[in-house]
Every structure is written in C-alpha cells, then in structure tokens.
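Chemist:
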Amino acid sequence: MRILVLEDDNQLGPWVTSGLKEEGHVVDLFADGKEALMAAMGQEYDLLILDRMVPGLDGLAVLKSLRASKNTTPALFLTALGEVDARVEGFEAGGDDYLTKPFAFAELSARVNALGRRRDGAGAETGETTTLRYGDLSLDLVARHCERQGQTIELMAKEFKLLEYFMRRPGRLVTRTMLLEQVWDMSFDPTTSVVETHISRLRTKVDKPFDGELIRTRRGEGYVFGK
Amino acid sequence: MSSENEPVKPSFNDLQTRRVNRFVTKQAYRLAKPFRWLLRSSTLRLTLMLSCLFAIGMAVSIFLALTFGREAVLERVDTALTSLASTVTINETLSDNSIAIIRPLDNLGNLPNQFKRTVKRGGGTVNLSNDFNQFDAWRVMITNDSQGTPILVALPIEDSEDALDLLSGILWTTAGLVLVISLLIGMTAGLLAQRRLVRINGALSRLATGDLSARTGVDKASDDLDDLARQLDVTAAELERLVTQTRHLSASIAHDLRTPLARLRAQLEMLPEGEERGAALEEASRLSGIFDTIMRVARIEAAQGEDGFEQIKLSEFLTDIEDIFGPVVEDAGKILVLENKSTGYVTADRQMLIQAVANLIQNAIVHGGDEITLFAKTHRSIEELGVFDNGNGVPSDQYDEIIKPMVRLDSARQTDGSGLGLALVRAVADRHRAQLQLSEGEPHGLRATMKFST
C-alpha cells in the first residue's frame, strides 16, 4: 500500500515509517500539515495516517479539507488526546479509525491492514470459508466445532471467539487492547486479568494436551498464534 | 326483557355524566395549574399572612369600637333622660314635647307595645319596626318626676344608631378595600418575583444538568432578586471558565505525557528481543495503563449529559459480567457467586458500568475473601448493583478515605494496584446520579453498592 504519514515527532515519525516499510508498504512522511495536504491532493494514496496535533494544519483540518474535495482515502488518526470527544471529532471529520498514543506497532500494523482490506472491498476476513485450519487444528465456524489431531475440543463462547480471532491472524502479533476491543467489545482496560485468564484457559484446552505450542506470549507486547 | 342477574350496565347518560365530570375535573386542574405557583410564591404567602392578620385585627377593633361606642351613647342618653325627668312634673296638660316622650307609668296611652314590655323590664332600648313619632329607636327609662310620681321618659336614639351604622360601614369598607388592594399588590409582586425566580430556577437546573452556558440574563439590579440572579450569572460564568480551562489543561497534560510515553514505547520496541525488552515493555504498558485510568476518571467526572446511555436490564447485565469475569475470579482461587434479584432497568453507559463492576471485582480479588458475590436487586424505585466479599472488610471510619483517588490503606500497600479502583467506581456512580455506598458485609467483609434511582 502507498501510505501517507503525518507526524511531527522526530522519533515517532521515523519509527512508524520504517516499521511500515519493513512490512512492504511505500511510505511518505510529512511533519507539516500543509505539505501533507498538498501531497494528498496531488497523488493517490491507499491510506492516510494523521497525527491530530501537528504544526501548520492539524490532522483533523487536513482530513476535513480532503473530504470536502471528495477524497475518500481511508484515514487513521493518531492522537495523544485520547478523550472520547476527540475520538468522536475524528470520526466526524471523516476518519476511519483512531489510535491513542502510546501504541504498540503491532496494533498500528493490524489497523493499517484492516483499513487496507476494507479499501479492497474485502470482507476477506469473513470470507467464504466456514472452517479455519492451522496445522492440525481446525475450527468450524458454522458447526461451532473445534478439533485438534482428530480430538474434539470443547470451547466456551468467549474462548471460541478468541481462537477464531487468533486463527485469522496467524503469525501476527495480537495485543491485549486488540483482544479487548474485538473479542470483549471493551474500549477500556478493565484492570483485571480478563485476557490473561481466557488465554490461559484456551491454552489448557488447545495447547497443553498436544505437541506443539500454538499460542505464544510476547512479554510486554501481546500474543502470537502459530509459527 | 332483562333478567335480574344481568349486571346493570351504566346507561349512556351515566357514562356521559361521568365523562363530563372527568372532563370538568381535568379542565379545572388544567386551569388551576398556572395558578398553583401563586401559592408557592413566598411574596404572596407573606401578603396573605399579613392580610389575614390585618383582617382579624380590623374585625376585632371594629367590633370593640362599635360596642363601646354604643355603650357610651346610651350612657349619655340615660344621663339626659335622668336630668329631663328631674325637671318635669307630671300633670294632665303635660304631653310629649317635640323630642322626648314623657308619660306617667299608669297611663302609657298610645305607646306601642314594645314600650310596655320595656317598662316591665325596667327600661332599656326599644327598636320598632314602624316609626313612632318619626323615630324607630328609643331609649326608655323608668324614673320619678320632680314630684316623685313614677314616669316613663324616652328619647329617640336613631341618629346615634345611624351614626354608628355609618361608622361601621365605613370601617368595614375601608378594611375590605385595604385587604383587596394589598392582596393585589402581593399578587403583582409575587408575579414579578416569580418571573425572575422561574428564570433563576431554569438557569440553575440547566447548570445542574451540565449546560454550563446557562444564564438568567438579568442585567439590571433593582432589588435583591436581581442581585441574586446577577450573582448567579457571574458564578456560572466563572464555573464555565474553570471547567473549560480544566478540559484544556487535561488535554494538554494528556498530550505532553502521551507523546514521550509513545517515544519510550517506540524505542523499547526497537530493542532486540529478549527478557529485558519484555520486562521494560510491560512496565511501559503499566505506566500508560495507570495514566489512562487517571484520564478516564477525570473524563468521566467531567462528562455531562446522557450521550451513549442505554436501557440496561440488570439481571442480564449480571450474567454478562459473570461470563467475562467469572473465570478471572476462579483463576484467582476464589468463587464468584451471583445474587440476581433485580427486575428492573437502569439508564446507563454500559462500558462504564462494566468498568465499575470490574473494578469492584478486582478489588475483592485483591483485598477480599475467597467468596465474591455479585448482586443486583430492585428495591422500590431503586436499582442496586454491587459486589461484596467475605473477607476482613475495611473499618467503617475509613470508607470515605478509600473512595478518594490514590488512597490505599496501609494494609493494602503490599498488594498490586493503582489505588484508583474505587475512585473510578465513584466517578461512574456520580456520572449516573447513583449513590456509591460502602457497608459492612454479612457477617463480615466489604459491601459496595451502587444505588440507581430509576
């Protein structure tokens, strides 16, 4: 994807840029709102990553101008504000997603990919397939049946949802925040070990009785399924 | 041809009458409604009270004045009669003079019967239905003439009676007029005050619901109510300024803190993988987690209105909570019990409610006993939602303390936590106009209840 990044912080900007480049995207970094707006007007991007507070013209104003000129490129706001009001403002200005600083790169990456898929008119995630497979593990989404090495595994509703989420993202880092938002529909950290508890139960059922660990913890970052 | 058992159906007329009655009652109520404020107006109440006092005072003084006035008149007439009698001598030629009646007792002649009756009583006042000698009110006295012959002397007192009647008429009319005028003045004053009070009340209730731009708009200052209104406006303006300032401040604090945190995170993520990197990332997460919680408490406390509120059935909410947190409690080696006695709904922000209950459960996991009970119940129009445990509880004199942000009792210092748990619960409760109540569990432990009035 061709991505425009508007971020004035001289550490975060290059960090985001190099991370996205490593994932194979083409990235243009701008530290000034006006320049970013000119660039976005001048050429087609697949995604805009805009910081809310930058000199010149802030991200919100940039997107408003773009949307006013019928530009529909998906946009993700980065913000240090994080207030719900600011979030709502972002969506009202035509933003498609919102990420609060500080964030893990994995999270930015996940959201970037999700927006990219949306642009491709996808739904690739919910796709035709009704059974997810990874190695000797299979998850039938319709029959709500899970088995590994031919052995049926009984899963609770939340565990099922959790495993489905992992199996759709093999080899990718999944953070606590992503799980809370996607599996539990919580936009806040409940300060209890909800995620840890459910992961550990899922492991007991899916990993422990078999050879080959599927769900691994990346300390301080999150979890990775597979590989 | 109707059998006797058939229930008596109300006739059309009955129904019509009932309907009309109901209509009239309703209309009367509707018409009276705009006037009900009148009784609530303190100015008018004061006027009514003073008017009552005035009316009673006037009535008493008019009554006394008339009574004493009449007695004084009669006394004077009696003196005149005595002196008259002492100067005359009864003989055949004597007849009534132009005013007085003088008769020997044994020959009352053509005097009306009332006079004779008064003679038997030994004298007094005679009120006639028909004039006698042009007068209908007479004072009669039985006495002796200069010769000692018993005689009747009488003088008309109609003029003084008339004068007294006139006096009482004037007094009553004046009193009535004063009453009506003072009531009218009271009503006008009440109306004028009420208008401003309505504005003041309106502004206050808008302020209470979070509209900090509410003002009374009173700019002249002619009396104490205007002063009050103006003072209210000044206070509201200051409040609005402070709240706006705080919002900007918290936004810039958030920005100033989150940006370096983001840099820290970025730098840590760039380190080579390993145990230390993980530990550092974990610590960074915890740091931003605490910061997020502080910001969240501040945000909930500052938020207003009911955006994002929905009707939540507490019994279902409780089951959802059990699904989410039951395993967490279990893994901590404790039991989560459900006590679901609620039949009602609360209007609330679901996310916030989950957050609050999560904090209560977390508190109970860390500080409480091995059995944690999640309860909801309906008590009249109050919906209760809360958590209690069977642990050691908290001394009741420290309840106020532990609700404050960052306060952790000494006994809790060794355990993990930010000290923001109950502050957040209270913020959520306040946001929903619910009451957070801490109490002693049965038989021991801490019981935290959020009481929603529905």
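These protein sequence lines are chains P and Y, in that order. Under the working numbering, the final residue of the first sequence carries the number 229; numbering is consecutive throughout. Under the working numbering, the final residue of the second sequence carries the number 1150; numbering is consecutive throughout. All C-beta atoms, glycine included, are put in the ideal place defined by N, C-alpha and C.
(1) Relative to the C-alpha of K160 (chain P), which residue among Y:G1040, Y:K1037, Y:E969 and Y:G1022 is closest?
(2) Enumerate in chain order the residues of its own chain whose CB-to-CB distance from T1150 (chain Y) is below 8 Å, with the five nearest sequence positions on each side excluded.
(3) Name the chain Y residues that come within less than 7 Å of R203 (chain P), Cβ to Cβ?
(4) Between the alpha carbons of H27 (chain P) and M1048 (chain Y), how many angstroms are there, rounded?
(5) For V7 (chain P), name the three-state secondary structure that DSSP assigns.
(6) Taking the CB atoms as reference points, tell me whether R150 (chain P) and F227 (chain P) lie closer together than 8 Å.
(7) Check whether chain P comes within 8 Å of R1109 (chain Y), counting only Cβ atoms and requiring the distance to be less than that.
(8) DSSP three-state label for F227 (chain P), please.
(9) What did DSSP end up calling D922 (chain Y) once you bin it into helix, strand or coil?
(10) Determine the extent of the beta strand (DSSP E) in which E1182 (chain Y) is found, giving its start and end residues.
(11) If you count every other CB in all the chains shown that lies within 10 Å of the CB of T1111 (chain Y), and 16 or more means buried, which is it?
(12) Tell whether a beta-carbon distance below 8 Å holds between D1066 (chain Y) and L1142 (chain Y).
(13) Classify P1 (chain P) as helix, strand or coil using the three-state DSSP reduction.
(14) Let me see if you follow: with CB-CB separation under 8 Å, is M745 (chain Y) close to chain P or not?
(15) Compute the Euclidean distance between the alpha carbons of R835 (chain Y) and I798 (chain Y), then round it to the nearest angstrom.
(16) Could you spell out the range, first to last residue, of the alpha helix (DSSP H) harbouring L39 (chain P)?
(17) How big is the Cα-Cα spacing for G753 (chain Y) and R926 (chain Y)?
(18) Do we get a CB-CB distance below 8 Å when we pair Q184 (chain P) with the residues of chain Y?
(19) Would you verify that the beta carbon of S981 (chain Y) is, or is not, closer than 8 Å to some beta carbon of chain P?
(20) On a Cα-Cα basis, can you pick out the residue from P:G222, P:E9 and P:G137 that is closest to A33 (chain P)?
(21) Taking the beta strand (DSSP E) that L139 (chain P) falls in, what are its first and last residues?
(22) Going straight from the alpha carbon of L945 (chain Y) to that of G152 (chain P), what length do you get?
(23) Using the Cα positions of I996 (chain Y) and E936 (chain Y), report the straight-line distance between them to the nearest angstrom.
(24) Using a C-beta to C-beta distance shorter than 7 Å, which residues of chain P count as neighbours of N1086 (chain Y)?
(25) Using a 10 Å radius around the Cβ and a threshold of 16 neighbouring Cβ atoms, would you call A126 (chain P) buried or exposed?
(26) Pull the bridge partners of I1020 (chain Y) from the DSSP assignment, please.
(27) How about A33 (chain P): is its C-beta nearer than 8 Å to some C-beta of chain Y?
(28) Check the C-beta distance from T199 (chain P) over to V1024 (chain Y) and give it rounded, since I have them as a contact under 8 Å.
(29) Just to confirm my understanding: we take R973 (chain Y), look at its own chain, exclude 5 residues before and 5 after, and list those with CB closer than 7 Å. What are they?
(30) Please confirm whether I896 (chain Y) and T884 (chain Y) have their CB atoms less than 8 Å apart.
(31) Near A1123 (chain Y), which residues of its chain fall below 6 Å by C-beta distance, leaving aside the five closest residues on each side in sequence?
(32) At which residues does the beta strand (DSSP E) containing S825 (chain Y) begin and terminate?
(33) Do the stretch 192-209 of chain P and the stretch 707-726 of chain Y meet, that is, are 3 or more Cβ pairs less than 8 Å apart?
(34) List, in chain order, every chain Y residue whose beta-carbon is nearer than 7 Å to that of D191 (chain P).
(35) With H, G and I counted as helix, E and B as strand and the rest as coil, what does DSSP make of M188 (chain P)?
(36) So is W17 (chain P) buried or exposed if we call it buried at 16+ other beta carbons inside 10 Å?
Modeler: Reading off the structure:
(1) On the first sequence, residue 160 (chain P) is found 158 positions in, with the first residue counted as 1. For the set Y:G1040, Y:K1037, Y:E969 and Y:G1022, the Cα lying nearest the Cα of K160 (chain P) is the one of Y:G1022.
(2) If you number the second sequence from 1, residue 1150 (chain Y) lands on position 454. Cβ within range, chain order: G1040, Y1041, V1042, T1043, S1077, I1078 and E1079.
(3) Position 201 of the first sequence holds residue 203 (chain P). Per Cβ cutoff of 7 Å: P1023.
(4) Residue 27 (chain P) sits at position 25 when you count from the first residue of the first sequence. Residue 1048 (chain Y) sits at position 352 when you count from the first residue of the second sequence. Each residue's Cα considered, the two are about 38 Å apart.
(5) Taking the first residue of the first sequence as position 1, residue 7 (chain P) is located at position 5. Correct three-state label for V7 (chain P): strand.
(6) As a position in the first sequence, residue 150 (chain P) is number 148, starting the count at 1. As a position in the first sequence, residue 227 (chain P) is number 225, starting the count at 1. No, these two residues do not count as a Cβ contact at 8 Å.
(7) Locating residue 1109 (chain Y) in the second sequence gives position 413, counting from the first residue. With a pLDDT of 47 at R1109 (chain Y), under the threshold of 50, the modelled position of that residue is not reliable, and the figure given next carries that caveat. No, because no Cβ of chain P sits closer than 8 Å to the Cβ of R1109 (chain Y).
(8) In the first sequence, counting from the first residue as 1, residue 227 (chain P) sits at position 225. The DSSP-derived three-state label of F227 (chain P) is strand.
(9) The residue you call residue 922 (chain Y) lines up with position 226 of the second sequence. It is helical.
(10) Outside the displayed range of chain Y (697 to 1150) lies residue 1182 (chain Y), so it cannot be described from this structure.
(11) Taking the first residue of the second sequence as position 1, residue 1111 (chain Y) is located at position 415. For T1111 (chain Y), the pLDDT reaches just 49, beneath the cut-off of 50, and the residue's location in the model is therefore unreliable, although a value from the coordinates is still provided. It is exposed - the Cβ of T1111 (chain Y) has fewer than 16 other Cβ atoms within 10 Å.
(12) Within the second sequence, residue 1066 (chain Y) is the residue found at index 370, counting from 1. Within the second sequence, residue 1142 (chain Y) is the residue found at index 446, counting from 1. It is not a contact, given that the beta carbons lie outside the stated cut-off.
(13) Residue 1 (chain P) falls outside the range modelled here, since chain P spans only 3 to 229, and no answer is possible.
(14) By 1-based counting over the second sequence, the position of residue 745 (chain Y) is 49. So no, M745 (chain Y) is outside the interface.
(15) Translated into the one-based positions of the second sequence, residue 835 (chain Y) becomes position 139. Translated into the one-based positions of the second sequence, residue 798 (chain Y) becomes position 102. Going by the C-alpha atoms only, they are around 12 Å apart.
(16) For the purposes of this step, residue 39 (chain P) is taken as the residue at position 37 of the first sequence. Residues G35 to G44.
(17) Residue mapping note: residue 753 (chain Y) aligns to position 57 of the second sequence, counting from 1. Residue mapping note: residue 926 (chain Y) aligns to position 230 of the second sequence, counting from 1. Cα to Cα, G753 (chain Y) sits roughly 40 Å from R926 (chain Y).
(18) Within the first sequence, numbered from 1, the residue matching residue 184 (chain P) stands at position 182. At a cut-off of 8 Å, the C-beta of Q184 (chain P) has no neighbouring C-beta in chain Y.
(19) As a position in the second sequence, residue 981 (chain Y) is number 285, starting the count at 1. So yes, S981 (chain Y) belongs to the interface.
(20) By one-based count along the first sequence, residue 33 (chain P) stands at place 31. Cα-wise, what sits closest to A33 (chain P) is P:E9.
(21) Along the first sequence, one-based indexing puts residue 139 (chain P) at 137. L139 to D142 is the extent of the beta strand (DSSP E) around L139 (chain P).
(22) One-based indexing of the second sequence puts residue 945 (chain Y) at position 249. One-based indexing of the first sequence puts residue 152 (chain P) at position 150. Near 59 Å, if we compare the C-alpha coordinates of G152 (chain P) and L945 (chain Y).
(23) Against the second sequence, residue 996 (chain Y) aligns to sequence position 300. Against the second sequence, residue 936 (chain Y) aligns to sequence position 240. Each residue's Cα considered, the two are about 17 Å apart.
(24) For the purposes of this step, residue 1086 (chain Y) is identified with residue 390 of the second sequence, where counting begins at 1. Residues of chain P passing the Cβ test: none, with the nearest at roughly 19 Å.
(25) Reading the first sequence from its first residue, position 124 is the one you call residue 126 (chain P). In this prediction, A126 (chain P) has a pLDDT of 48, which is less than 50 and means its spatial position is unreliable; what the coordinates show is noted afterwards. Its Cβ having fewer than 16 others within 10 Å, A126 (chain P) is exposed.
(26) Sequence index remark: in the second sequence, residue 1020 (chain Y) carries index 324 (1-based). For I1020 (chain Y), which the question treats as bridged, DSSP gives no partner whatsoever.
(27) In the first sequence, counting from the first residue as 1, residue 33 (chain P) sits at position 31. Output row for A33 (chain P): interface = no.
(28) Residue mapping note: residue 199 (chain P) aligns to position 197 of the first sequence, counting from 1. Residue mapping note: residue 1024 (chain Y) aligns to position 328 of the second sequence, counting from 1. The Cβ separation is near 5 Å, so the contact holds.
(29) The count along the second sequence starts at 1 and reaches residue 973 (chain Y) at position 277. Same-chain partners within the cutoff: L964 and L967.
(30) Counting from 1 along the second sequence, the entry for residue 896 (chain Y) is found at position 200. Counting from 1 along the second sequence, the entry for residue 884 (chain Y) is found at position 188. Cβ atoms of I896 (chain Y) and T884 (chain Y): not closer than 8 Å.
(31) Within the second sequence, residue 1123 (chain Y) is the residue found at index 427, counting from 1. So the qualifying residues of the chain are V993, I996 and E997.
(32) Against the second sequence, residue 825 (chain Y) aligns to sequence position 129. For S825 (chain Y), the enclosing beta strand (DSSP E) stretches over residues G820 to F828.
(33) no
(34) As a first step, residue 191 (chain P) must be located in the first sequence, where it is residue number 189. In chain order: G985 and D988.
(35) For the purposes of this step, residue 188 (chain P) is identified with residue 186 of the first sequence, where counting begins at 1. Residue state, collapsed to three classes: coil.
(36) Here residue 17 (chain P) refers to the residue found at position 15 when the first sequence is read from its first residue. With 16 or more other Cβ atoms within 10 Å, it is buried.
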